[in-house]
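In this note's numbering, the protein residues as written are 285 to 867.
Okay, structure first, notes after.
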Ligand SMILES: Nc1nc2c(c(=O)[nH]1)N[C@H]1C(S)=C(S)[C@@H](COP(=O)(O)OP(=O)(O)OC[C@H]3O[C@@H](n4cnc5c(=O)[nH]c(N)nc54)[C@H](O)[C@@H]3O)O[C@H]1N2
Ligand SMILES: Nc1nc2c(c(=O)[nH]1)N[C@H]1C(S)=C(S)[C@@H](COP(=O)(O)OP(=O)(O)OC[C@H]3O[C@@H](n4cnc5c(=O)[nH]c(N)nc54)[C@H](O)[C@@H]3O)O[C@H]1N2
Ligand SMILES: [Mo]
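Dropping the structure here:
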């Protein structure tokens with residue numbers, strides 16, 4: 285168990301390799317106390333292996349069985365190729381997940397279908413120590429069960445039925461609360477013993493409250509250590525550490541830094557967000573962001589394919605040039621996995637170097653080199669099922685409602701591959717091969733089976749119209765012709781890059797609205813609704829406004845009744861038509 289699905293569970297319930305439940309450590313007194321509470325003589329005596337160490341041990345054959353719950357290490361851990369090799373040789377791999385197919389589940393001998401956040405019943409704790417009841421708001425799909433139920437069933441099968449006899453999360457919560465107060469006497473801050481005797485009804489109605497929740501403070505504790513006494517004498521225990529520079533250093537062979545992280549509309553390894561078409565519109569392809577000077581040195585232009593390689597491995601992503609990126613440092617997202625791209629996993633490049641204190645890997649600093657990745661053609665493929673691809677093809681999958689959508693890049697011309705595919709499937713093929721590129725539609729009994737558009741560069745096609753043709757094939761010859769051209773039969777204006785995912789508002793509409801006088805994110809919201817739901821596109825709206833901004837209204841401000849005149853730099857003045865603005 286790691287990370288997001290169980291951050292506080294790790295810290296408080298005992299899901300971390302390095303500590304016992306309820307803030308107890310691997311000290312002899314704590315081990316003995318836990319043994320007394322649970323009536324067990326078999327409490328682990330030493331910390332377990334942390335994530336990176338664990339996969340090393342599996343790789344060496346020292347750990348022979350692993351149960352992975354709620355994490356996707358084949359994507360998210362450094363040196364993810366070594367993680368894959370370790371999983372491939374492990375004698376027993378069990379994976380509990382809410383998604384049927386993940387990169388990690390591909391190595392599983394046993395898979396358990398778990399329930400997700402909105403489907404299960406229990407409590408969650410946030411980072412201000414606030415415990416809240418979590419009630420399901422979605423029906424449980426198929427054969428799924430909550431993780432606790434799966435664990436308890438496994439324990440029963442292994443002969444520990446009595447210790448895992450819970451029927452409801454309420455019972456688990458009360459046991460947990462009782463342990464938190466067991467022989468505590470103020471020694472451990474995490475004490476919710478006042479909740480150990482909740483009835484099922486009280487548990488169901490529990491209002492959010494902050495731990496500790498004790499007999500002295502039954503309503504919870506908004507501020508820890510507020511009185512300067514209590515827990516460990518009321519003193520903070522600070523650990524001095526000597527900061528270390530990253531172990532990776534750019535050198536002649538790998539002269540650039542690679543920084544990795546998130547993009548706005550994806551979550552971690554994309555198991556939950558990657559299949560949502562609306563979220564895929566914002567950045568449908570993995571980008572490697574670079575300063576124009578680094579790009580120029582590698583002969584890379586905006587939108588080119590770039591290969592980023594470290595001593596560890598390589599990935600291929602689409603170059604995005606940006607002044608916001610410091611020279612010498614690249615950025616690539618952590619999200620893409622083997623289900624969404626042939627070569628999109630950034631952790632293939634990252635070395636498994638960890639902080640000695642926290643075990644945290646050095647995910648933000650990898651020495652890399654950059655080169656242009658040449659392709660003879662790039663294309664967009666729409667199809668009903670994923671066809672076999674030629675071995676030299678690079679591919680990226682994207683969620684789209686109505687059909688599958690792949691972006692492809694290849695070295696050998698795609699004609700032969702497509703002909704072979706159509707022959708083996710018995711499809712009729714319609715081609716257009718001209719200066720603009722090679723396009724093809726495949727039909728069976730009047731139904732569209734596949735649409736393919738390629739050129740030297742990725743062609744711009746009307747995605748929504750093409751997707752719709754899979755359920756409602758174009759009726760007229762003209763419409764079929766338009767489809768072969770990659771256009772819609774109607775002439776809906778292209779949206780451009782989608783900025784607001786909530787309402788599907790594209791860059792073109794936003795630019796037009798700015799040109800028509802919308803001069804703030806709020807006004808854009810009034811006109812187009814963009815930015816008015818989750819708000820995460822507001823920084824991008826502001827950036828678009830700034831790009832097209834004329835003189836700010838605030839040029840002459842009034843401060844405290846006095847008129848203040850703002851000065852602008854030479855460069856700004858030079859950019860203003862007529863030079864009428866300024867002092
Ligand atoms: N290079 C690089 N690597 C990184 C990072 C980085 O910045 N750069 N960031 C790191 C950080 S901070 C994190 S937190 C990790 C995240 O890495 P992971 O934790 O591996 O990523 P997730 O995609 O969140 O994986 C969660 C899995 O649990 C499943 N799941 C969700 N809810 C439940 C549930 O209730 N029960 C069960 N059984 N399964 C569930 C999801 O479908 C998914 O497969 O990645 C780390 N890796
Ligand atoms: N959309 C989306 N949001 C998420 C997540 C997601 O997957 N998707 N994941 C969530 C999770 S689990 C986490 S942990 C958080 C992570 O949230 P953050 O930590 O805010 O996000 P990161 O993108 O990992 O980027 C960390 C920042 O640190 C900078 N940085 C890298 N190296 C150094 C350094 O040596 N010194 C300094 N000072 N800065 C450095 C990077 O340039 C980057 O700006 O995001 C959470 N929010
Ligand atoms: Mo995280």
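By construction, the Cβ of each residue, glycine as well, lies at the ideal position given by its N, Cα and C atoms.
Residue i Cβ short of 6 Å to ligand 5 heavy atom set
i, result
"residue 417", "This structure lacks ligand 5; its bound ligands are ligand 1, ligand 2 and ligand 3."
Cβ neighbours of residue i in the same chain (closer than 6 Å, five flanking residues each side left out)
i, result
"residue 811", "797 and 802"
"residue 598", "591"
"residue 830", "none"
"residue 843", "Reliability of the predicted coordinates at residue 843 is poor, the pLDDT of 45 falling under 50, and the value obtained from them is presented with this limitation in mind. Contacts found: none."
"residue 430", "399 and 404"
"residue 725", "714, 735 and 768"
"residue 626", "678 and 679"
"residue 604", "571 and 573"
"residue 466", "321"
"residue 360", "553"
Inter-residue CB distance, residue i and residue j (contact presumed, cutoff 8 Å)
i, j, result
"residue 475", "residue 785", "In fact, because the Cβ distance is near 43 Å, the residues do not count as touching under 8 Å."
"residue 497", "residue 482", "Not quite, the Cβ-Cβ distance comes to about 10 Å (not below 8 Å), so this is no contact."
"residue 418", "residue 407", "6 Å"
"residue 569", "residue 657", "That belief does not hold up - the Cβ atoms of residue 569 and residue 657 are roughly 13 Å apart, past 8 Å."
"residue 541", "residue 614", "7 Å"
"residue 697", "residue 674", "10 Å between Cβ atoms; not a contact."
"residue 602", "residue 571", "5 Å"
"residue 383", "residue 555", "4 Å"
"residue 508", "residue 461", "Wrong, their Cβ atoms sit about 18 Å apart, outside the cutoff."
Residue burial classification, residue i (beta-carbon count within 10 angstroms, cutoff 16)
i, result
"residue 821", "buried"
"residue 610", "exposed"
"residue 624", "buried"
"residue 355", "buried"
"residue 690", "buried"
"residue 347", "buried"
"residue 644", "exposed"
"residue 641", "exposed"
"residue 596", "buried"
"residue 421", "exposed"
"residue 286", "buried"
"residue 738", "buried"
"residue 443", "exposed"
"residue 832", "exposed"
"residue 305", "buried"
"residue 828", "buried"
"residue 357", "buried"
"residue 535", "exposed"
"residue 445", "exposed"
"residue 817", "exposed"
Residues near residue i by beta carbon distance below 8 Å, same chain, minus five either side
i, result
"residue 752", "686"
"residue 369", "343"
"residue 374", "342, 347, 348, 349, 350 and 391"
"residue 647", "362, 544, 618, 631 and 634"
"residue 334", "301, 302, 638 and 643"
"residue 502", "478"
"residue 539", "612, 651 and 653"
Sequence-distant residues of its chain with Cβ nearer than 7 Å to residue i (five each side left out)
i, result
"residue 683", "558, 559, 560, 561 and 564"
"residue 774", "Interpretation of residue 774 is limited by its pLDDT of 49, a score under 50 that renders its predicted location unreliable; no figure is taken from the coordinates."
"residue 409", "292, 296 and 415"
"residue 834", "Only weak support exists for where residue 834 lies, its pLDDT of 48 falling under 50; the coordinates are left without a value."
"residue 582", "654, 655 and 656"
"residue 826", "805"
"residue 325", "319"
"residue 694", "659, 660, 661, 674, 676 and 677"
Item to check | Inter-stretch contact (C-beta, 8 Å, three-pair minimum) for the segment 490 to 500 and the segment 409 to 422 | outcome: yes
What residue ranges within the segment 690 to 754 form continuous alpha helix (DSSP H) runs of no fewer than 4 residues, ordered along the chain? The qualifying runs are 699 to 709 and 747 to 752.
List, from N- to C-terminal side, the beta strand (DSSP E) runs of 3 residues or more that fit wholly inside the segment 577 to 632.
589 to 593, 598 to 605 and 613 to 617
Runs of 3 residues minimum, wholly inside the segment 632 to 676: which ones carry the beta strand (DSSP E) assignment? 650 to 656 and 661 to 667
Inset, instruction - Note down, one range per segment and in chain order, each alpha helix (DSSP H) of at least 4 residues found wholly within the segment 352 to 406. - result: 357 to 360 and 364 to 373
Exercise. For the segment 286 to 327, list the alpha helix (DSSP H) runs that are entirely contained and at least 4 residues long, ordered along the chain.
Key: 312 to 322
Under 8 Å: do the segment 626 to 641 and the segment 714 to 730 share three or more Cβ pairs, one atom per stretch?
These segments do not touch.
*How about the segment 649 to 666 and the segment 378 to 392: do they share at least three Cβ pairs that are nearer than 8 Å?*
no
*Inside the segment 489 to 565 only - beta strand (DSSP E) runs reaching at least 3 residues*: If we require 3 residues or more, the beta strand (DSSP E) runs fully inside the segment 489 to 565 come out as 540 to 545.
**Asked** Does the segment 728 to 739 come close enough to the segment 706 to 715 that 3 or more CB-CB pairs lie under 8 Å?
**Response** Touching, per the Cβ criterion.
**Study point:** Whole alpha helix (DSSP H) elements within the segment 398 to 483, 4-residue minimum
**Key:** 431 to 441 and 453 to 465
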